[in-house]
Amino acid sequence: MAVTFLATTQLPLQQAIALGAVLSLLLYCAQTARQARLVALVPKSDGRWETAPPPATLAPGEVTVLDYAGSAFFAELPRIETQLPSPGSVHGAALVLVVRALPDVPSSAMLKLLDRYAQRLADRGSHLILCGVQPPLLRLLKRSGIADRLGEDGIVPATQELFGGLDRALATARSRISAEQDRPLR
């Protein structure tokens, strides 16, 4: 605010307004990038879920569940990408990514990130399953070709229940891991 005030007293009004708009956009990008996060969802013995930091790597033969909370704005994606577990050299793992809070139309950078990560997992015989996908996002995933790469059961639509599709996504992930473990290494 002080910069804008100084700009209006020292610069022509049009330049001061443009400077204020640019500064506001930069502040918005920075704030949005800090708000987005991934959290691991860990099942408890009583059937409930608790949150934890995302693991650094995927475990072979295991299903990891992450919940994405953010706006899918391009500025937050580099930080989100570093929070995704590394597939490393793991074979036969699965990541269920709950995207229920993802906006209807995420940025193209978010779609590219999902596609890139799904490919990295597939190259290692592992799988990405998107859970809680809203109808507008589903249409976009189909139109972009990402749905085809994830496979028929790689996208679990959102339900009225908060984690309604999670059981289905977990069953799919476990089935894919089992099939991958039965397949000889390439």
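Each residue of the sequence shown is one higher than the last, beginning at 1475 in this note's numbering. Ideal Cβ positions, reconstructed from N, Cα and C, are used throughout, including at glycine.
A straight-line Cα-Cα distance of about 38 Å links Leu1515 and Val1496.
Within 10 angstroms of the beta-carbon of Ala1653 lie fewer than 16 other beta-carbons, which makes it exposed. Annotation: Pro1529 is outside any alpha helix (DSSP H) and is labelled neither H nor E by DSSP.
Under the three-state reduction of DSSP, Pro1517 is assigned to strand. With contacts defined as CB atoms closer than 8 Å, Arg1594 and His1565 fail to qualify as a contacting pair. For Arg1511, same chain residues with a beta-carbon under 6 Å away, outside a window of 5 residues either side, are Ala1543 in chain order. Taking C-beta atoms as the reference points, Asp1589 and Ile1620 count as a pair closer than 8 Å.
Taking 8 Å as the upper bound for CB-CB distance, Ile1603 and Ala1567 are not in contact here, some 11 Å apart. By the criterion of a C-beta distance shorter than 7 Å, Ala1530 is surrounded in its chain by Pro1559 and Ser1560, once the five residues flanking it on both sides are discounted.
Using a 10 angstroms sphere on the CB of Gly1639, the tally of other CB atoms reaches 16 or more, which defines it as buried.
Look at the region 1598-1627 and you find these whole runs of alpha helix (DSSP H), each 4 residues long or longer: 1609-1618 and 1620-1624.
Beyond the five residues adjoining it in sequence on each side, Asp1627 comes within less than 6 Å, by CB distance, of Thr1646 in the same chain, given in chain order. Between Val1570 and Val1537, the CB-CB gap stays under 8 Å. Annotation: Glu1635 to Gly1521 spans about 15 Å, alpha carbon to alpha carbon. Rounded to whole angstroms, the gap between the alpha carbons of Lys1586 and Leu1540 is 18 Å.
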